[in-house]
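Everything below concerns the one structure shown next.
Numbering (the numbering used here), first residue to last: 6 to 929.
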């Protein structure tokens, strides 16, 4: 909307020029009139004063005052009221005579030199003009013809009043103002008249336009208008007529469309019925698919449950180092098979858009080590160098989904191994901090394999897509791995990229975002034992070489790194021995003699010699250990295993020395287990037998119901899918009529579909366990639902063998030592001797740390000693060490725990003295 209306604009455009022109012209003529009146007044004064000066010459010469007064009075009266006064001053500027003496007369004196006044001068006072005219002595005879000015006899002063001039000026101003005002009024009237000529037709046109917008047929502008307004009127009438016609036509179309819609409404209703039927059929098909996936998941997970469960049971039996490695591989392979099963379910979830991620805290390096350990045998079989390098700045503690991260790594690394015939597969991990709570993990997996052509790369990230149709026949695979990987990476707020060329290898790079935890896991690596240890490291493979060197430096070891055989042999010629020699090699059959040669040459120059080999062959590793190596590790680098084996000779609490057996307490509970699978039934019975007193078993739901009607149980573990009667029906039957209506019933199933847990809880189950059975979760379930407290009598206590103690001391509890040693006196004595041998070193380290006020060093010493006390029967020393370690972990100052330190040192002296007394007595 404009700021001014049309009427206002016309008034402004008319009045402003009129006012400006009137002001300019009135001002111009007024100023001219002012100047003109002043000039007239000046001329009148001069015309009065100059003739009067000539007329008074004779009277002044003759000094005739009467005649002079008559002349002045006559002139004053004649020109009154213009003339205010006429005065005559002599040459000395003294008043001779005046026609009117007034109060401001003293301002009439001539201020200049009278003899130098030769013409009339005008002086303007406040309200009058004074004309000074010299009275010359023209009648005086002189002989000097060239004299310019006769002598001045006197000065005639004529005072002229400005009143008449001011009145005339005011008259001129009033006249000009009146003329301007009249012009403005006339202009305003004319403007109003003109504006009405425009506004009235426009108002009618605007009213007609509003009626036209409202859809009225009669817009009321039938009268004739002038000029262009008539054209506008005709145009609006034309528009109105056309809109009326279009409206009528549109109404016809609407009526026709309504009629057509009514005719096809029955067809739409029929289609809706068909769609509802199709929707119901699709829902039924989806339900069948879900049931199929659930049953397949159950049937596939059930045998794996037995494999994983009994693997965990084997962990509890005495195992050597190689057997433990084999069990690790078995468990990882079984878990990998579970992951393959999960891939099928994952793809189904991807199609349904139901991919969910866990958000738990985990340790990155351990997760990566699990993947590398699982895939290493495949790389070793093809003589490939599989290596991993994790930047030391990458945080180890993260919050996210470790299972999905391992799934991504398994897919990418297994593909790299599959499509690489020779060379290496390298994994590099770095990171970038996004903020204080999140970090982006950057992972690259590169290989030296066949590569992928540019035009084939886009097909890799499609379901069942592969770079070549022959790949499936040659290498196998379903083509689901990369599409699942891509979706998981995107769910982790990252993206995956591919850089490859045919024949030049492939590099997959992806990033994913993880949270940084508020609390960190304690790193239990014994790397403190490796501080300043000299290590000679020989590894020809570049990527593995730099990765291991970086790890050794992180443990603060003094590393002499060699990448060629000449460097390695030169390092062996140095004057000092190394604490550790670490040799990496491909370890193929043709390299056996070479590796044995390295062992023989390095054996004399290092206290301990370890190998890192591309093999898991037991025979080859035993052969190399028989040649002089202390131990063999499989590549790629597992930082935890490497640290354990390097620190083993320098640790008192190393696992190889012995660990206190974890003896569980038996709960006085009775449980029923119902499962149709014998392996699962036996595994669950075995796990429960270590924790509760009595167990009954049933092979189907019907047997379980019968047992529940005859016996009262504290817990019931019920499989879901069983013959004769399934677990859900059995649960409802038991809850309705049996002796166990209030007994907690725990569902044990391999189902992994969303929403099933809540449904089982609605069906009457108290809890939920997912196969494969997790022993810790089983313990927690018993703790949550078992209505009793643990028995105070330890298991197998009666089985402990009682023997005589090696010496008598108040600090030694020999039965407790036998209990920690599993009832084996020889092992108990060996562990006690190791503790006694370490007392001197322990006291020295304590004194040194106390003198240096080094809390960290003192904590390391006390922690090591506390671990040794856990394996021997010295409860008082263990209690003191535990109290000291607790205080140091709470950042208590060393000075505040000195009493406990002194007490510990005194008790160490007492224990050492008691053992020496026993030794001296036996020698005698």
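Positions of the beta carbon are idealized from the N, C-alpha and C atoms, including for glycine.
In the DSSP assignment, residue 501 is bridged to 515. Remark: C-beta atoms of residue 161 and residue 61 approach each other more closely than 8 Å. Residue pairing by DSSP places residue 436 opposite 446 in a beta bridge. Residue 915 has its alpha-carbon roughly 23 Å from the corresponding atom of residue 856. In the DSSP assignment, residue 134 forms a beta bridge with 129, 165.
Sequence-distant partners of residue 691 (beyond 5 residues in either direction) whose C-beta falls short of 7 Å from its own C-beta, in its chain, are 318. Taking a C-beta distance under 8 Å as the contact criterion, residue 656 and residue 810 do not qualify as a contact pair. Beta-bridge partners of residue 809 (DSSP): none assigned.
With respect to residue 912, residue 881 sits close: the two C-beta atoms are nearer than 8 Å. Relative to the Cα of residue 574, the nearest Cα in the group 544, 557, 26, 552 belongs to 544.
Under the criterion of beta carbons closer than 8 Å, residue 877 and residue 840 qualify as touching, at roughly 5 Å.
Note that the C-beta distance between residue 629 and residue 601 is below 8 Å. By the CB criterion at 8 Å, residue 552 and residue 652 fall outside the cutoff. Under DSSP, no beta-bridge partner is assigned to residue 860. Pairwise C-beta distances place the segment 26-38 out of contact with the segment 204-213, as fewer than three of them are shorter than 8 Å. Comparing C-alpha distances from residue 381 to each of 335, 639, 340 shows the shortest one belongs to 639. For the pair residue 261 and residue 255, the Cα-to-Cα distance works out to about 10 Å. In summary, residue 291 is exposed, with fewer than 16 beta-carbon neighbours lying within 10 Å of its beta-carbon over all protein chains present. Each of 89, 24, 66, 58 was checked against the Cα of residue 76, and the nearest Cα belongs to 58.
Non-local C-beta neighbours of residue 370 in its own chain, meaning closer than 8 Å and more than five positions away in sequence, comprise 395, 401, 644, 645, ordered along the chain. Annotation: the continuous alpha helix (DSSP H) that includes residue 376 extends over 369-386. DSSP places residue 320 within a helical segment (H, G or I) once states are collapsed to three. According to the DSSP assignment, residue 737 belongs to the alpha helix (DSSP H) that extends over 732-741. In this chain, the beta strand (DSSP E) harbouring residue 89 covers 88-95. Beta-bridge pairing by DSSP links residue 273 to no other residue. Collapsing the DSSP output to three states places residue 106 in coil.
The alpha helix (DSSP H) runs lying completely inside the segment 536-624 and spanning 4 residues or more are 547-559, 570-577, 597-607, given in chain order.
Annotation: residue 891 is outside any beta strand (DSSP E); the continuous alpha helix (DSSP H) that includes it extends over 880-894. Remark: C-beta atoms of residue 173 and residue 42 approach each other more closely than 8 Å. It is roughly 11 Å from the alpha-carbon of residue 741 to the alpha-carbon of residue 734. Remark: C-beta atoms of residue 376 and residue 422 do not approach each other more closely than 8 Å.
A direct Cα-to-Cα measurement between residue 379 and residue 730 gives close to 40 Å.
Contact annotation: the segment 124-144 does not touch the segment 188-207, with fewer than three C-beta pairs closer than 8 Å. About 46 Å separates the Cβ atoms of residue 179 and residue 65, ruling out a contact at the 8 Å cut-off. In the three-state reduction of the DSSP assignment, residue 529 falls in the coil class.
Here DSSP, grouped into helix, strand and coil, assigns residue 48 to helix.
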